[in-house]
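A.B. asks:
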Amino acid sequence: METKFNSDNKNLSSYLSFKLDSEFFAVNVHQVINILELTKITEVPKAPFYMKGVINLRGKVLPVIDTRLKFGMEAIVFTKNTCIVVMEININGERVELGALVDTVLEVIEVDNENITLPPSLGSKYKSEFITGMLHQNDEFIMMLDIDKVFSSDDIIEFKESAEEPEKISLQE
Amino acid sequence: MDRFQKKYIEEANDLIISLETALLLIEKDKVNQELNEEVFRIMHSLKGGSSMFGFDKISELTHHLESAYDIVRSSKISVTEELLDISFLAVDQLKLLIVENPNLNAQTIEKQSNLLHKIQNVLENLEAKHDIKNNQFIENLKSNSDRFYTFFVKFKPNADVFDNGSNPLYILDELLSENICKVFVNDSDIPEIEDFDIAKNYTSWTIIVAGKLSQTDIQNIFIFIEDESEVSITQIAEENLFKNSEFIKIIEQSVLNQEAIFNFSSQGKQEVVLKEMEVGKQLKTRINETVISSVRVDSAKLDALLNIVSEIVTNQARLNLLIEENTKNTALINITEDFNKLSRQLRDIAFDISLVPLESIIVRFKRLVRDLANEQNKQIDFLTEGIETELDKTIIEHLVAPIMHTIRNSIDHGIEPKNQRLALGKPEVGKIVLKAYHSGPNVVVQIYDDGRGIDPEVIQKKAIEKGFIPASAKLSDKEIVNLIFKAGFTTASQVTDISGRGVGMDVVKRKIDEIRGEVEIDSIVGEGTTITIKLPLTLSIIDGLLIEINQTKYILPLPDVRKIFEIEHSKIVNNFMGLVVHKDQQYPYIYLRDEFEIYTPSPQLERAIIVNYENKNVCIIVDDVLGEYQAVLKPLGYYFRKQEFISGASIFGDGTVALVLDTNKIIKLFAKKQTI
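Just so you know, the sequences run in chain order A and B.
Quick note on this note's numbering: the first sequence kicks off at 27 and runs consecutively.
Quick note on this note's numbering: the second sequence kicks off at 5 and runs consecutively.
(1) For serine 4 of chain B, which three-state DSSP category applies?
(2) Less than 6 Å separating the Cβ of isoleucine 46 of chain B from some heavy atom of the ligand NAD?
(3) For a quick check, are the C-beta atoms of isoleucine 535 of chain B and threonine 410 of chain B less than 7 Å apart?
(4) By a C-beta neighbour count over all protein chains shown, 10 Å radius and 16 as the cutoff for buried, is glutamine 116 of chain B buried or exposed?
(5) Can you find a CB in chain B that lies within less than 7 Å of the CB of alanine 101 of chain A?
(6) For alanine 214 of chain B, tell me which candidate among B:Phe246, B:Asp231, B:Val622 has the shortest Cα-Cα distance.
(7) Report the three-state DSSP secondary structure of serine 270 of chain B (helix, strand or coil).
(8) Using a Cβ cut-off of 7 Å, pull out every chain A residue sitting near leucine 640 of chain B, in sequence order please.
(9) Would you identify the three-state DSSP class for proline 361 of chain B, choosing helix, strand or coil?
(10) Are any of the Cβ atoms in chain A nearer than 7 Å to that of alanine 653 of chain B?
(11) By the three-class DSSP mapping on this structure, what secondary structure does isoleucine 237 of chain B have?
(12) Could you compute how far the alpha carbon of asparagine 554 of chain B sits from the alpha carbon of aspartate 627 of chain B?
(13) Nearest by alpha-carbon distance to leucine 127 of chain A: which of A:His162, A:Thr65, A:Ser39 is it?
(14) Within 10 angstroms of the Cβ of phenylalanine 44 of chain A, are there 16 or more other Cβ atoms? Answer buried if so, exposed if not.
(15) Taking CB distances under 7 Å as the criterion, tell me whether glutamate 648 of chain B reaches chain A.
(16) Under 8 Å between beta-carbons, which chain B residues line up against methionine 113 of chain A? List them in chain order, please.
(17) Using the C-alpha atoms, what's the distance from tyrosine 603 of chain B back to asparagine 324 of chain B?
(18) If we ignore side chains and look at the alpha-carbon of each, how far apart do leucine 663 of chain B and alanine 653 of chain B end up?
(19) Just mark asparagine 183 of chain B as buried or exposed, buried being the case when its beta carbon has 16 or more other beta carbons within 10 Å.
(20) Look at the alpha carbon of proline 561 of chain B and the alpha carbon of tyrosine 633 of chain B, and state the distance between them as a whole number of angstroms.
(21) Per DSSP, proline 592 of chain B is paired with what?
(22) Below 8 Å CB to CB, which residues in the same chain sit around glutamine 97 of chain B once its five sequence neighbours on both sides are set aside?
(23) Might you give, ordered along the chain, the residues of its own chain that have their beta carbon closer than 7 Å to the beta carbon of valine 83 of chain B, omitting 5 neighbours on each side?
(24) Could you please give me the residues that DSSP links to aspartate 628 of chain B through a beta bridge?
(25) Considering only the beta carbon of each residue, do serine 681 of chain B and isoleucine 419 of chain B sit closer than 7 Å?
(26) May I have the straight-line CA-CA distance separating alanine 427 of chain B from serine 314 of chain B, to the nearest angstrom?
(27) When the Cβ atoms of the region 338 to 345 of chain B are set against those of the region 363 to 374 of chain B, are three or more pairs found closer than 8 Å?
(28) Can you tell which of B:Gly53, B:Glu131, B:Ser55 has the C-alpha that lies nearest to the C-alpha of tyrosine 73 of chain B?
(29) What residues in the region 67 to 79 of chain A have a beta carbon less than 9 Å from any beta carbon of chain B?
(30) According to DSSP, simplified to helix, strand and coil, what is threonine 398 of chain B?
(31) Would you report the Cα separation of threonine 660 of chain B and asparagine 171 of chain B, rounded to the nearest angstrom?
(32) At a cut of 8 Å, does the region 124 to 142 of chain A reach the region 160 to 170 of chain A through at least three beta carbon pairs?
(33) Less than 8 Å between C-beta atoms, sequence neighbours within five positions excluded: which residues of the same chain meet that for lysine 133 of chain B?
(34) Can the beta-carbon of isoleucine 67 of chain A be found closer than 7 Å to that of isoleucine 81 of chain A?
(35) Counting only Cβ pairs nearer than 9 Å, list the residues of chain B close to leucine 210 of chain A.
(36) Against chain A, with Cβ distances strictly below 7 Å, would isoleucine 20 of chain B count as a contact?
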């Protein structure tokens, strides 16, 4: 994932974009450690249902999240494009590494901060507290995720409020 | 400077522990001059470093105490009770000062001035005592101190002397401040400018010192730097040779002409040289000692090392597997075998490094016993046995609080007051024994006291009152006594009234549980109480039993396992009793497939594992048992913090992950519905 970054322009930030179902998301590359191919995931009994399990990451045990379930979508279906994006987040000052299952990793995009629109205010169709901004690119909206907030929450986060009421799923403890 | 300060703090903490140990020994043996010397030396070392690194209060405190011990050691009187008490207080104060520096608490500052005031009193008393007892000695001392001596000192600091923050010039200053000196600098070792390293020392000195001081006084000046330099001190005359113009002439001509200088010695030259050699020898042995003894390592680095080692072990297993399956290349096979041996050794050594003897935490228990016994006017002997037994450092760290708690209980409520003990026909002096030993894969730590013991009847009454056990329950005395580990069993006041035991024993149990240990209590009324703590050797590696449920592998800690047998699935379905029968014994069981919410079809033949839980046998039923497995335990982390019944995960040779189950938690968690 080596990419040359233009450090002269302070307004440029790099994001890794990926796809879940038909939605586009991006996270700041600073929080991305690496991207893994799918490997055998060991399930943990009685864990929250969006926690897919754990894998071995160079001798460490890495939790893996079914990001689609976490975002209130249908469970992920493994294809040859399925990847685990290893990220580092901050939970109450503690460094936590996690793997997020995504359908497809797209690219590293360099974005001028001016092109990022502010998260839509409350009442719109997006949950603004979990995104840092939106990017309009090639007729698609990409949501820039605040992964510290997204992945430290125990709740299901639905970014789009769908027309029909989603099936209520109770969290297991 | 920060680095030096950190190093100083580490050293100071060590010194304070040695100080406390020495003081505790002195208390038993007040006339032991060696111990006094030891205390004096530690105070001196503490003082020396503290002012250099901005711990002025420490320097102030140790300076005054040092003076007191100086009187003791120079006049060979025994240490007074008063001085000892104040010394222990000072130790506490030193600990405070180290932690708080540089932002001292107002309270601490007040304590400090109180202490200094008290030390002043002690000093005056000591001096008075000293004057009366040792008038003669003082006379000698006085006449001695009137006398001038002249010494020839060679001082050659090592090249890396600055690394520890020592500055040889300060030493020279100290020597120069009260004596007549002539200093000759030897700069012939200074290299050419291109080879010159500013962080290194190239200079040595030759000093002629005349003054009212002894050879030991000079040695004391060099005490901090003696490990990092060559020092030789030779007495050349019992007078001030600087008054002798001949001598001046000689040294001005050539200071290196030692022969001429030594000719001025009023003693024979022979003797002087001998003395010099002796000093040199002493210094050398000391240097050697510091080289072998030990190395200080940041514990974070140690953890990193252990992580890498477990990774190597895992990868090694993978490599072995590949080689077995895929290669006929004998050279490769041989290398792999060699590597296998090496990584095994590496693992053993790495785990060994993280082991620490129990001894390292014993001082604070001794201190606790001393303080509490004095406070409550009880006499208690604190004995230790097998404290060289080693445990993982993490376990040791977690062990301090529970042991402290237990000992405190023994003294507060176990050991009776003197008169009661005598009335009971017990020895006046109470006894607390801390004993440690290996037992199979575990280390056992026992704390025994010969106090009044715990009355099971009282505990039983209490337990029924509190609803912990039904009134009809038939329990053995031991089972009853062990009820005090239950959370919320008692509060302090209630327990003191009834049995004099049990304050916060649930806390002790919880702490021990955290390090995967077990705790048990045995007591005989009127004779004493024994608390037995059983601990795993290490937290990071466990002997496990590899099991399988729904094609997923799990590991159960092997020490808990008692028996394994086959069981037909039909015996479990429609089993309303919740009991399985094996060899005429009934066992309550836990069906893990149900508990883990796995609903794929069960195999016809399953395996039942009998595990021991709080002295009861419980059966855990799984799909299959695959064998034994030594597991390197890794934490599961934040996302699985609520899955308490999993103590961690282990990575297999093929890189997959297996979960390590916590038998105790599983039983506690899943047995609620049934009565176990």
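Positions of the beta carbon are idealized from the N, C-alpha and C atoms, including for glycine.
C.D. replies: Based on what the coordinates show:
(1) As shown, chain B starts at 5 and ends at 680. That puts residue 4 of chain B outside it, with no answer to give.
(2) The model depicted lacks the ligand NAD and carries no ligand whatsoever.
(3) Residue numbering aside, residue 535 of chain B sits at position 531 when the second sequence is read from its first letter. Residue numbering aside, residue 410 of chain B sits at position 406 when the second sequence is read from its first letter. For the pair isoleucine 535 of chain B and threonine 410 of chain B, the CB atoms are nearer than the 7 Å cut-off.
(4) Residue 116 of chain B sits at position 112 when you count from the first residue of the second sequence. Burial call: buried.
(5) To locate residue 101 of chain A, count along the first sequence from 1; it is residue 75. Judged by the 7 Å Cβ criterion, alanine 101 of chain A is not in contact with chain B.
(6) If you number the second sequence from 1, residue 214 of chain B lands on position 210. Residue B:Phe246 is the option with its Cα nearest to alanine 214 of chain B.
(7) If you number the second sequence from 1, residue 270 of chain B lands on position 266. Only weak support exists for where serine 270 of chain B lies, its pLDDT of 48 falling under 50; the value from the coordinates is given anyway. Secondary structure of serine 270 of chain B (DSSP, three-state): coil.
(8) Taking the first residue of the second sequence as position 1, residue 640 of chain B is located at position 636. Ordered by position in chain A, the residues that pass the 7 Å Cβ test against leucine 640 of chain B are Val80, Val87.
(9) As a first step, residue 361 of chain B must be located in the second sequence, where it is residue number 357. Correct three-state label for proline 361 of chain B: strand.
(10) Residue numbering aside, residue 653 of chain B sits at position 649 when the second sequence is read from its first letter. Judged by the 7 Å Cβ criterion, alanine 653 of chain B is in contact with chain A.
(11) Residue numbering aside, residue 237 of chain B sits at position 233 when the second sequence is read from its first letter. In the structure shown, isoleucine 237 of chain B adopts extended strand secondary structure according to DSSP, grouped into three states.
(12) As a first step, residue 554 of chain B is located in the second sequence; it is residue number 550 there, counting from the start. As a first step, residue 627 of chain B is located in the second sequence; it is residue number 623 there, counting from the start. For asparagine 554 of chain B and aspartate 627 of chain B, the gap between their C-alpha atoms comes out near 7 Å.
(13) Walking along the first sequence from the start, residue 127 of chain A turns up at place 101. Of A:His162, A:Thr65, A:Ser39, the residue nearest in Cα terms is A:Thr65.
(14) Against the first sequence, residue 44 of chain A aligns to sequence position 18. By the beta-carbon neighbour count (other beta carbons within 10 angstroms, threshold 16), phenylalanine 44 of chain A is buried.
(15) Counting from one through the second sequence, the residue named residue 648 of chain B turns up at place 644. No, glutamate 648 of chain B lies away from the interface with chain A (no Cβ there is under 7 Å from its Cβ).
(16) Within the first sequence, the letter at position 87 stands for residue 113 of chain A. Taking a Cβ-Cβ cut-off of 8 Å, methionine 113 of chain A has no neighbours in chain B, whose nearest Cβ is about 13 Å from it.
(17) Numbered from its first residue, the second sequence carries residue 324 of chain B at position 320. Numbered from its first residue, the second sequence carries residue 603 of chain B at position 599. The straight-line gap separating the alpha-carbon atoms of asparagine 324 of chain B and tyrosine 603 of chain B is approximately 36 Å.
(18) Position 659 of the second sequence, counted from the first residue, corresponds to residue 663 of chain B. Position 649 of the second sequence, counted from the first residue, corresponds to residue 653 of chain B. If you take the alpha carbons of leucine 663 of chain B and alanine 653 of chain B, they lie about 4 Å apart.
(19) Taking the second sequence and counting its residues from 1, one reaches residue 183 of chain B at position 179. Asparagine 183 of chain B is buried by the Cβ-count criterion.
(20) For the purposes of this step, residue 561 of chain B is identified with residue 557 of the second sequence, where counting begins at 1. For the purposes of this step, residue 633 of chain B is identified with residue 629 of the second sequence, where counting begins at 1. Distance from the CA atom of proline 561 of chain B to the CA atom of tyrosine 633 of chain B, rounded to whole angstroms, is 9 Å.
(21) As a working note, residue 592 of chain B is residue 588 in the second sequence. Beta-bridge pairing links proline 592 of chain B to B:Leu583.
(22) On the second sequence, position 93 is the one that residue 97 of chain B refers to. So the qualifying residues of the chain are Leu65, Thr112, Lys115, Gln116, Leu119.
(23) Translated into positions along the second sequence, residue 83 of chain B becomes position 79. Setting aside the 5 residues that flank it on each side, valine 83 of chain B is surrounded in the same chain by Ile30, Lys34, Asn40, Val76, each with a C-beta closer than 7 Å to its C-beta; the list follows chain order.
(24) By 1-based counting over the second sequence, the position of residue 628 of chain B is 624. Answer is B:Glu552.
(25) Because residue 681 of chain B is not part of the residues shown, which for chain B are 5 to 680, the question remains open.
(26) As a position in the second sequence, residue 427 of chain B is number 423, starting the count at 1. As a position in the second sequence, residue 314 of chain B is number 310, starting the count at 1. Straight-line Cα distance between these residues: approximately 59 Å.
(27) Because the criterion of three Cβ pairs below 8 Å is not met, the region 338 to 345 of chain B and the region 363 to 374 of chain B do not touch.
(28) Within the second sequence, numbered from 1, the residue matching residue 73 of chain B stands at position 69. Nearest C-alpha to tyrosine 73 of chain B: B:Glu131.
(29) Cβ contacts with chain B: Ile67, Thr68, Glu69, Val70, Pro71, Lys72, Ala73, Pro74, Met77, Gly79.
(30) Sequence index remark: in the second sequence, residue 398 of chain B carries index 394 (1-based). Here threonine 398 of chain B carries a helix assignment [DSSP, helix/strand/coil].
(31) Reading the second sequence from its first residue, position 656 is the one you call residue 660 of chain B. Reading the second sequence from its first residue, position 167 is the one you call residue 171 of chain B. One C-alpha to the other measures close to 56 Å.
(32) Cβ pair count under 8 Å is three or more, so yes.
(33) Within the second sequence, numbered from 1, the residue matching residue 133 of chain B stands at position 129. The residues are Ile81, Thr84.
(34) In the first sequence, the residue the question calls residue 67 of chain A occupies position 41. In the first sequence, the residue the question calls residue 81 of chain A occupies position 55. Their beta carbons are under 7 Å apart, which means isoleucine 67 of chain A touches isoleucine 81 of chain A by this criterion.
(35) Residue 210 of chain A lies beyond the stretch modelled for chain A, which goes from 27 to 199, so this question has no answer here.
(36) For the purposes of this step, residue 20 of chain B is identified with residue 16 of the second sequence, where counting begins at 1. Isoleucine 20 of chain B has a beta carbon lying at 7 Å or more from every beta carbon in chain A.
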